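First the structure, in the form of structure tokens, and then the observations on it.
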Amino acid sequence: MLAPSLRFVTLAAKKRIRKVMIMMGRKFKLIAAGGIAVFAVQAPAFAGTKDDVRDLQARMAVVEQAATAQSRSTVKIAELEAQIQALTGQIEELTFQLDQASLRLDSMSAVLAGESPTSNAGTPYLDARGGPVDLTPRDPIADALAQSDASKQGQAPGQALGRSTGGAVELPLDANAAFDYSMGFLLKGDYQSAKSAFQLYVDAFPNHSRTPDAQFRLGEIHLALKENAAAADAFIKHIQQFPNDPRSPEAYLKLGTAFSGLDKPSEACTVFKTMKSKFPNADSAVRERADLEMARINCS
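To convert, note that position 177 of the sequence shown is 257 in this note's numbering; the numbers rise steadily by one, no gaps.
Quick look at the structure:
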């Protein structure tokens, strides 16, 4: 059994220990409460930061989509501009071809009416492919429409002589010799040289008696070379300048054939009908050929 003094010490120690524990418990509660308070304060701030990040990411995605759409729109606009430019070029080309076709039709109508379409003077024509007519050295219908034959301009016979294509053709000074010279190329089958020679001939000797024949043969050469537009020009000039030539009915026939070759059946039919009504006593072979051509292209 402990002495009273020792028991007192033991009880005092127990009390002090209990007091210390109580104090430590209070401090622990305070610390815990403080931690909870700090977490309670910091947690909303942390959650708000995450929301801000997500909002920024969403905004960036919207901006990226808008930039991509704008880039695509720019590409589409460039493509549309290129297409518009291409279509504009095609429209201009078709308009020019339509104007040329209208000029040719006006010229033919004037020929059939016996008029001289001087309002279209100097206008170049196109071939069936839409390109310029390849005439060496000059376009005969342009000469006719411009009324630039040598006699009207005071050009002396033979003044155009000496012009040649690449040095291959050079006419003699005498008209008959020049015609025979041109025929020589034709008889040899050298159509290119014959074409150049006869073109030079009709330019040099516009009033010679053999010029109508030279003009007619020039048209036939173009027709044989499938140069239908140039052939039509040559025969129109023949009809205009030499209306009383014995080969006028055949010139109408060949003109209609040229228009048919240009895929212009309406114009061809008009020419054939005009020939038959204007020359009822034309050679039977010419009239029969016209009938065949009219049947072939279904003239009404």
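C-beta: ideal position from N, C-alpha, C; glycine also.
Since we're looking at a predicted model, the values are computed, not measured.
Next item on the list: Would you list, in sequence order, the uninterrupted alpha helix (DSSP H) runs of no fewer than 4 residues that lie entirely inside the stretch 293-342?
Entry: 308-321 and 328-341
Checklist line | For Ala348 and Ala309, the rounded distance between their alpha carbons | finding: Counted from its first residue, the sequence shown places residue 309 at position 229. Counted from its first residue, the sequence shown places residue 348 at position 268. Cα-Cα distance, rounded: 13 angstroms.
Next item on the list: Can you say whether Arg134 is buried or exposed, counting buried as having 16 or more other CB atoms within 10 angstroms of its CB?
Entry: Along the sequence shown, read from residue 1 onward, the residue named residue 134 stands at position 54. So Arg134 counts as exposed.
Next item on the list: Could you pull out every residue in the same chain whose Cβ sits closer than 7 angstroms to the Cβ of Pro252, ignoring the five residues on either side in sequence?
Entry: Walking along the sequence shown from the start, residue 252 turns up at place 172. Excluding positions up to five away in sequence, the list reads Ala258 and Tyr261.
Next item on the list: Alpha carbon to alpha carbon, how far is Phe285 from Ala365? Give it in angstroms, no decimals.
Entry: Position 285 of the sequence shown, counted from the start, is the residue given in the question as residue 365. Position 205 of the sequence shown, counted from the start, is the residue given in the question as residue 285. Cα-Cα distance, rounded: 31 angstroms.
Check: Gly264: buried (16+ other C-beta within 10 angstroms of its C-beta) or exposed?
Finding: Your numbering for residue 264 matches position 184 in the sequence shown. That one is exposed.
Item checked: Proximal residues to Phe352 (C-beta, below 7 angstroms), its chain only, five neighbours per side dropped -> For the purposes of this step, residue 352 is identified with residue 272 of the sequence shown, where counting begins at 1. The answer, listed in chain order, is Gly336, Ala370, Glu373, Met374 and Cys379.
Next item on the list: Determine the burial state of Ser273: buried for a count of at least 16 other Cβ atoms within 10 Å of its Cβ, exposed for fewer.
Entry: Within the sequence shown, the letter at position 193 stands for residue 273. Buried, since its Cβ has 16 or more Cβ neighbours within 10 Å.
Notebook entry, point to check: In whole angstroms, what is the alpha-carbon distance linking Phe342 and Leu267?
Noted result: Your numbering for residue 342 matches position 262 in the sequence shown. Your numbering for residue 267 matches position 187 in the sequence shown. Rather than Phe, the amino acid found at residue 342 in this sequence is Leu. About 27 angstroms.
Notebook entry, point to check: Quick one: Cα of Thr148 to Cα of Val155, how far?
Noted result: For this step, residue 148 is matched to residue 68 along the sequence shown. For this step, residue 155 is matched to residue 75 along the sequence shown. One C-alpha to the other measures close to 11 angstroms.
Item checked: Proximity test, Pro252 beta-carbon vs the ligand FMN heavy atom, cut-off 7 angstroms -> The model depicted lacks the ligand FMN and carries no ligand whatsoever.
Notebook entry, point to check: How long is the line joining the alpha carbons of Ser382 and Ile319, rounded to whole angstroms?
Noted result: The chain is shown from 81 up to 380; residue 382 falls before or after that span and cannot be answered.
Margin query: My parser needs the alpha helix (DSSP H) runs of 4 or more residues fully inside the stretch 250-277; what are they?
Written below: 255-267
Check: When we look at the beta-carbon of Ala141 and count the other beta-carbons within 10 Å, is it buried (16 or more) or exposed?
Finding: On the sequence shown, residue 141 is found 61 positions in, with the first residue counted as 1. Exposed is the call here.
Next item on the list: Specify the secondary structure class of Pro286 as computed by DSSP and reduced to three states.
Entry: Locating residue 286 in the sequence shown gives position 206, counting from the first residue. Coil, per DSSP.
Note to self: I need the boundaries of the alpha helix (DSSP H) containing Cys424, first residue and last residue.
What the structure shows: Here the chain has residues from 81 to 380 only, and residue 424 is not among them.
Next item on the list: Check whether the Cβ atoms of Phe296 and Ala338 lie closer than 8 angstroms to each other.
Entry: By one-based count along the sequence shown, residue 296 stands at place 216. By one-based count along the sequence shown, residue 338 stands at place 258. No.
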